[in-house]
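The next block holds one structure in the form of structure tokens; read it before the comments.
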Amino acid sequence: MRMVPGLIVLLFPVTAQAHEAGLSDGGLPNAFVVLPLLLAGGLYVAGVARLWRQAGSGGGLSHFRAASFAAGLALSALMLFSPIDAIAERLLSAHMIQHFGLMLVAAPLMVLGRPRIAVLWAVPQRGRPALARLGQGATGRVWRTATHPFGAWLLYFAVLWAWHMPTLYQLALGDDWVHALQHMSFLGVAVLFCVAVLDLPRAEGRAGAFLAIFATALQSSALAALLTTARTLWYPAYASGAGEWNLSPLEDQQLAGLIMWVPCGAILIGAAIAVLAGILRDTEVRAERVSS
């Protein structure tokens, strides 16, 4: 149980600072982003504390997974409420780092922390039947569709491309509420996608996960290629900020496209290769069992 205070220390310093920043600097729109992070952290700590009281420290949910969730949540707060956010208001390339830090680093870390186990334990015993009924009804069907590899890929594709359309992107830069919605939708669909491809109960689901990750890498690369090779500025709101960093607006846009294309593409391709390796390993094990 000594790990629980440590987990609280890991989870809450950054999110507490984010809470202060959200309510003092951005008011209600920032609170729209801060409060879900605080709620997620609170439920996770409550669930892990209750689980470890019964199973012992690290029982049912390892220290590694708890630390992974804490790191993902802290990174989310860092991306959204540190100086990175202020720079992202002036540089498209910084905005790209912010968005893909949320989608390709923070979200996987949180999902690797197995938050569903923690949330289940956070719910009092008498409330768990209601939670089970919720999972069996329309809400459960929506969840299963959204966390199916194809459904999650479709949501990821739609959200990523829609928000990079010039009209919506410009709107987000000029309106705090829309900007908050953009950030939470990016993080939300990334969490759903990671649940679909990482939190698989059966080995057979890995084939769908591989296809979803590979297809995501392709569509993300296509968007990145369009952004990198464009001869005109997609988002005029960034026209004045790039010069502060000795970049022309078009160079900033090209750098943003390359960030989406190269490191982000490498993360997705690496994940696809890892899943494929798991499929091949399982196939080999099954073949050995049959032959023996």
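Position one of the sequence shown corresponds to residue 1 (the UniProt record's numbering), numbered consecutively onward. Idealized CB from N, CA, C, for every residue including glycine.
Legend entry - Whole-Å CB distance - LEU80 paired with VAL142, under 8 Å assumed: Position 80 of the sequence shown, counting from 1, holds the residue named residue 80. Position 142 of the sequence shown, counting from 1, holds the residue named residue 142. Not confirmed; about 26 Å, so no contact.
Inset, instruction - Using 10 angstroms around the beta-carbon of ARG281, count the other beta-carbons present and answer buried if the total reaches 16, otherwise exposed. - result: In the sequence shown, residue 281 corresponds to position 281, counting from 1. With fewer than 16 Cβ atoms within 10 Å of its Cβ, ARG281 is classed as exposed.
Legend entry - Closest by C-alpha distance to PRO36, when choosing among GLY174, GLU89, ARG65 and LEU181: Numbered from its first residue, the sequence shown carries residue 36 at position 36. For PRO36, the nearest C-alpha among the options comes from LEU181.
Inset, instruction - Please say whether ALA190 and MET103 have beta carbons closer to each other than 9 Å? - result: As a first step, residue 103 is located in the sequence shown; it is residue number 103 there, counting from the start. As a first step, residue 190 is located in the sequence shown; it is residue number 190 there, counting from the start. Their beta carbons are under 9 Å apart, which means MET103 touches ALA190 by this criterion.
Inset, instruction - Keeping to the same chain, check which residues put their C-beta closer than 7 Å to that of ALA146; ignore five residues upstream and five downstream. - result: Mapped onto the sequence shown, residue 146 falls at position 146. So the list reads ALA152, LEU155 and LEU192, once near-sequence residues are dropped.
Legend entry - Euclidean distance between Cα positions of ARG206 and THR216: Locating residue 206 in the sequence shown gives position 206, where the first residue counts as 1. Locating residue 216 in the sequence shown gives position 216, where the first residue counts as 1. Straight-line Cα distance between these residues: approximately 15 Å.
Legend entry - Residues near GLN170 in its chain [Cβ-Cβ closer than 8 Å; skip 5 each side]: Mapped onto the sequence shown, residue 170 falls at position 170. The beta carbon of GLN170 sits closer than 8 Å to those of TYR235, PRO236 and ALA237, all from its chain and outside the five residues before and after it, given in chain order.
Inset, instruction - Could you check what DSSP says for HIS183 in three-state terms: helix, strand or coil? - result: To locate residue 183, count along the sequence shown from 1; it is residue 183. Reduced to three states, the DSSP call for HIS183 is helix.
Inset, instruction - Using 10 angstroms around the beta-carbon of ALA150, count the other beta-carbons present and answer buried if the total reaches 16, otherwise exposed. - result: Taking the first residue of the sequence shown as position 1, residue 150 is located at position 150. Position check: residue 150 holds Phe in this sequence, whereas Ala was assumed. By the neighbour-count rule (16 or more Cβ atoms within 10 Å), PHE150 is not buried but exposed.
Inset, instruction - Could you check which residue in ILE273, ALA132, TRP245 and GLY265 has the C-alpha nearest to that of ALA94? - result: Taking the sequence shown and counting its residues from 1, the one referred to as residue 94 is at position 94. That would be TRP245, whose Cα lies nearest to the Cα of ALA94.
Inset, instruction - Go ahead and label GLY72 buried or exposed: buried means 16 or more other beta carbons lie within 10 angstroms of its beta carbon, across all protein chains shown. - result: Within the sequence shown, the letter at position 72 stands for residue 72. Buried, because 16 or more other Cβ atoms sit within 10 Å of the Cβ of GLY72.
Inset, instruction - Could you check how far apart the C-beta atoms of PHE214 and ALA272 are, in whole angstroms? I think they sit under 8 Å. - result: Residue numbering aside, residue 214 sits at position 214 when the sequence shown is read from its first letter. Residue numbering aside, residue 272 sits at position 272 when the sequence shown is read from its first letter. Confirmed, about 5 Å.
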